[in-house]
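Number of protein chains: 2
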Amino acid sequence: MAATIRDVALKAGVSISTVSRVLNDTCPVADDKRVRVESAAKELGYTPNPVARSLLSSETGGIGIILPFVSGEFFSEFLNGVDQAAQEQDFFLLISTSHHSSEDLKKAMASMYRRVDGLLVMAPHMTTQAVEALAPDGLPFVFVNTEVVSDDAFGVTFDNYGGMYAMTAHLVSKGHRRIAFITGTENAYDARERLRGHLQALKDNGIAPLDELIFKGNYDQRAGFEACNRVLRLEDRPTAVMASNDDSAIGVLSALRQAGLTIPDDMAVTGFDDVQSAQFATPPLSSVHVPVRQLGTAAIDLLVSRLNDVQRAPQMRTLPVELRIRGSSK
Amino acid sequence: MAATIRDVALKAGVSISTVSRVLNDTCPVADDKRVRVESAAKELGYTPNPVARSLLSSETGGIGIILPFVSGEFFSEFLNGVDQAAQEQDFFLLISTSHHSSEDLKKAMASMYRRVDGLLVMAPHMTTQAVEALAPDGLPFVFVNTEVVSDDAFGVTFDNYGGMYAMTAHLVSKGHRRIAFITGTENAYDARERLRGHLQALKDNGIAPLDELIFKGNYDQRAGFEACNRVLRLEDRPTAVMASNDDSAIGVLSALRQAGLTIPDDMAVTGFDDVQSAQFATPPLSSVHVPVRQLGTAAIDLLVSRLNDVQRAPQMRTLPVELRIRGSSK
DNA sequence: AAAAATCCTGAAAAGGTTTTCAGATATTAC
DNA sequence: GTAATATCTGAAAACCTTTTCAGGATTTTT
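Sequences listed follow chains W and R, in order. Residue numbering for the first sequence follows this note's numbering, beginning at 1 and increasing consecutively. Residue numbering for the second sequence follows this note's numbering, beginning at 331 and increasing consecutively.
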């Protein structure tokens, strides 16, 4: 059995209060007792039981992360940022993924209740309000990449709309007029925003958006591949395909190459996210660079600052994105 | 403040013991009290405090996952499997990544002590014994993809050696004699095993391994790209490049294409892992399929069975891999 | 030298649950 | 009708800390 504070007290010949005081350095203690306690603790290999601690303080030192799913490079990179920031701030991380229905989400949040001090939630299929309604109360939130409807939410997101707007404008400036667009996951906030940016850019450039040029996707490579094959069956073939993320775009590249088309001459292609694969695609993929890792660190930092200061004013932060034009759309 | 068991007892007009008995269905309770307790609990929205529970039982319902780093599709997929299995078994997940030094690892394990019931450790740079030596005792382990030295370890791995052996044999059977090999992360268990499989297959086919054909990599795309450029500077150019994983192989494809070579005619290329990107590379990448998701579920299942049965005999499980030959090496 | 202040220390309560123990009530057996 | 059993219930201990409270010892002030 692991040593308890009582064992240390016994060995050092002092009361448990004194042990606690020495270990937490919370009150002055006579030097001789201090050293006796310290050596006793060391000899016994004593570590305070975090469970007992948090029963008393009702703080846990943990942060929960709730994600809709994890796939591809985007999430690895995001988790990287989250974990780094959490370690720096001395929080441990609980993680739970694959929440699509609000039932799932509710269950996940309930299972984290009192095991964490706060929650990082990515719920692209819901609004911040809807999520908060499901949560056990008193649990502070920070939202990532989630639609905000109230004005008192904490969150970090990035400029989905502006990024796709800029990329569309780029293609138009290269002379493209007939542009196919492959959407992301249906009903997802970021996917909607990206589509909205695209459509607005078309309009602002005097191009009428056409339904027949919008193709359903779901952010993965296979979906991009299949959607692109549908694009190629159009009578009047577009000169460019915009995918809603890099994974889809890689599927698009694959389909185009199989069809014997050259990129970007026969067809320009663009992605979104700028994961590492975009740079090493053939040809290198034009994409919208998203600071994914920073998205993770910023979210943790915001949550921690909220935990440390209950008065902290709500903040919605939108990280800027950046066009990275490469060979696939030159 | 959230309701406690005392509030429920008060409201139902019974003792807290009775409430506990009703909620855990642990002893017979008179029907009238039972319904009173149930409705009181419901009205107050009572949920037992898991902290208080685990202080008493010293069980947490949690599993810790310790990873060296997370990057690329491999880890997303692995986490997917882990999370799914954990949810099915009603465990929550603590995660901690980026542990390279044993100091890091020790700290991570210490911070999980008593917050989890068991640990899933992926430590390709260490042996199972070395990890166990750093751990607070009494914490059950399951190792993933880690070198085993003792015969009482629990773990799941996959056939790194055999996969690369088979892939090398495949290339030899296609007539390749001069094959460049790009290694994975230095000193990592899986990287060493893959190299070993490659070298053994060469020997078994009467080909002498050459040092000049082994190039240092680290599993990422850029490393593959750069290593491939070094390959291309060889006077006597190889006819094939084997990368230690798919990410590196994608970097290789990119470098070869930039150099104007056609694949597989000028140069065959192979990967390892068979992540989704392998299928959608151009040309589609020959790879060794690893059941990554299953790796995650198998590890959790093994750990849970160990937690449920202290007598459980140690088990090292090696999942089979499978050659997937595609256009890059035909 | 007495009073006041300072410093250190231990006992005990608190946090929320589960479980043991023993008591009370109701039921069965003779 | 009494004794023995079965059934249900509550009080209290236990899990391991931190923190409050009050007491004792020492030092400082007058």
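Beta carbons are placed, not taken as given, at the ideal position from N, Cα and C, and that holds for glycine.
By the Cβ rule, the segment 619-635 of chain R counts as touching the segment 403-423 of chain R, because three or more pairs are nearer than 8 Å. For P594/R, no CB of chain W lies under 8 Å from its own CB, so it is not counted at the interface with that chain. When 9 Å is used as the limit between beta carbons, P380/R is near these residues of chain W: S111, Y113, R114 and R115, in chain order.
Following the DSSP letters along the chain, one finds M242/W inside the beta strand (DSSP E) bounded by residues A240 to A243. For L385/R, the enclosing alpha helix (DSSP H) starts and ends at P380 to S387. I580/R belongs to the set of residues whose beta carbon lies under 8 Å from a beta carbon in chain W. Relative to R326/W, the option among E43/W, E59/W and G271/W whose CA is nearest is G271/W. When DSSP reads this structure, F154/W sits in no beta bridge, so it has no partner.
According to DSSP, residue pairing for D603/R in a beta bridge involves H619/R. Burial check for S17/W: the Cβ neighbour count within 10 Å stays below 16, so the residue is exposed. Contact of N410/R with chain W by beta-carbon distance below 8 Å involves F69, V70, S71, T97 and S98.
The segment 573-585 of chain R and the segment 537-556 of chain R touch, with no fewer than 3 CB-CB distances between them shorter than 8 Å. Between R324/W and D274/W, the C-beta gap is smaller than 8 Å, which places the two residues in contact. With respect to chain W, the C-beta atom of D413/R has a partner C-beta closer than 8 Å. Within the DSSP secondary-structure output, G392/R pairs in a beta bridge with F422/R. Excluding the 5 residues flanking it on each side, R196/W has same chain C-beta neighbours closer than 7 Å at Y161, in chain order. Judged by DSSP in its simplified three-state form, E132/W adopts helix. Assignment of beta-bridge partners to F471/R by DSSP yields L449/R.
Comparing C-alpha distances from P68/W to each of T318/W, P50/W, F78/W and H100/W shows the shortest one belongs to H100/W. Bridge pairing for I214/W: F181/W [DSSP]. Taking a beta-carbon distance threshold of 8 Å, F422/R counts as an interface residue toward chain W. DSSP, reduced to helix, strand and coil, places M126/W outside both helices and strands of the structure shown, so it counts as coil. Contact annotation: T146/W and P124/W have beta-carbon atoms nearer than 8 Å. The beta carbon of E407/R lies closer than 6 Å to those of V622 and R623 in the same chain, with the five residues before and after it left out. In this model, C27/W and L649/R are separated by some 56 Å (Cα to Cα). Straight-line spacing of the CA atoms in V472/R and L303/W works out to 32 Å. Per DSSP, L199/W is one residue of the alpha helix (DSSP H) stretching across Y189 to D204. Counting along the chain, the unbroken alpha helix (DSSP H) around M109/W starts and ends at S102 to M112.
Secondary-structure assignment with DSSP links L319/W through a beta bridge to F158/W. Contact with chain W is found for R587/R, since one of that chain's Cβ atoms lies less than 8 Å from the residue's Cβ. In the three-state scheme derived from DSSP, where H, G and I count as helix and E and B as strand, R654/R is classed as strand. Pairing L79/W with V400/R, the inter-Cα distance amounts to about 8 Å. Taking a Cβ-Cβ threshold of 7 Å, the residues of chain R close to S254/W are F610 and T612, in chain order. The Cβ atoms of A9/W and R36/W do not sit closer than 8 Å to each other. Here DSSP, grouped into helix, strand and coil, assigns A86/W to helix. Interface criterion not met: the Cβ of S244/W is under 8 Å from no Cβ in chain R.
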